[in-house]
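In UniProt numbering, the protein residues as written are 1 to 114. All C-beta atoms in this analysis are idealised placements derived from N, C-alpha and C, irrespective of residue type, glycine included. For reference, the structure is listed below as structure tokens.
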Ligand code: FES
């Protein structure tokens with residue numbers, strides 16, 4: 001058990017002491033994700049970054065782009081590489097994805113399998 005469900009309400013996260021750098025556990029609209037707190041680019045503290053959506057081109061709106069999938073991506077605080085929480089992949093360099101961990105909710109407990 002790494003946390004109770006109440007400790008990580010939707011839209012929030014918690015870094016728990018698993019492994020060398022810790023693991024960030026995220027609640028995105030009731031779905032939990034866990035990722036290594038380590039950026040593969042230059043080793044930045046990934047979970048100190050912010051989550052947001054991803055920008056896609058939409059020529060029908062002012063500015064030609066829209067933000068989709070709010071909070072499903074984490075952006076590294078050092079150089080702003082973005083990673084998908086669910087898969088750990090990054091559009092910047094697909095072979096440099098981050099490690100993700102399975103999360104289960106059992107009763108009030110959030111469990112991460114590391
Ligand atoms: S260290 Fe994370 S983007 Fe550079």
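Query, Result
"8 Å Cβ shell around residue 6 - same chain, five flanking residues per side excluded", "108"
"Beta-carbon proximity list for residue 34, same chain, < 6 Å, skipping 5 on both sides", "23, 25, 101, 103, 112"
"Extent of the continuous beta strand (DSSP E) run through residue 91", "Residue 91 -> no beta strand (DSSP E), and no H or E assigned at all."
"Beta-carbon contacts of residue 21 that lie in its chain and below 7 Å, excluding the five residues immediately before and after", "36, 37, 38"
"Buried or exposed by the 16-neighbour rule on C-beta atoms within 10 Å, applied to residue 88", "buried"
"For residue 18, the nearest candidate out of 27, 105, 99 (CA to CA)", "99"
"Exposure label - residue 31; buried when at least 16 CB within 10 Å", "exposed"
"Heavy atom of the ligand FES within 8 Å of residue 29 beta-carbon", "no"
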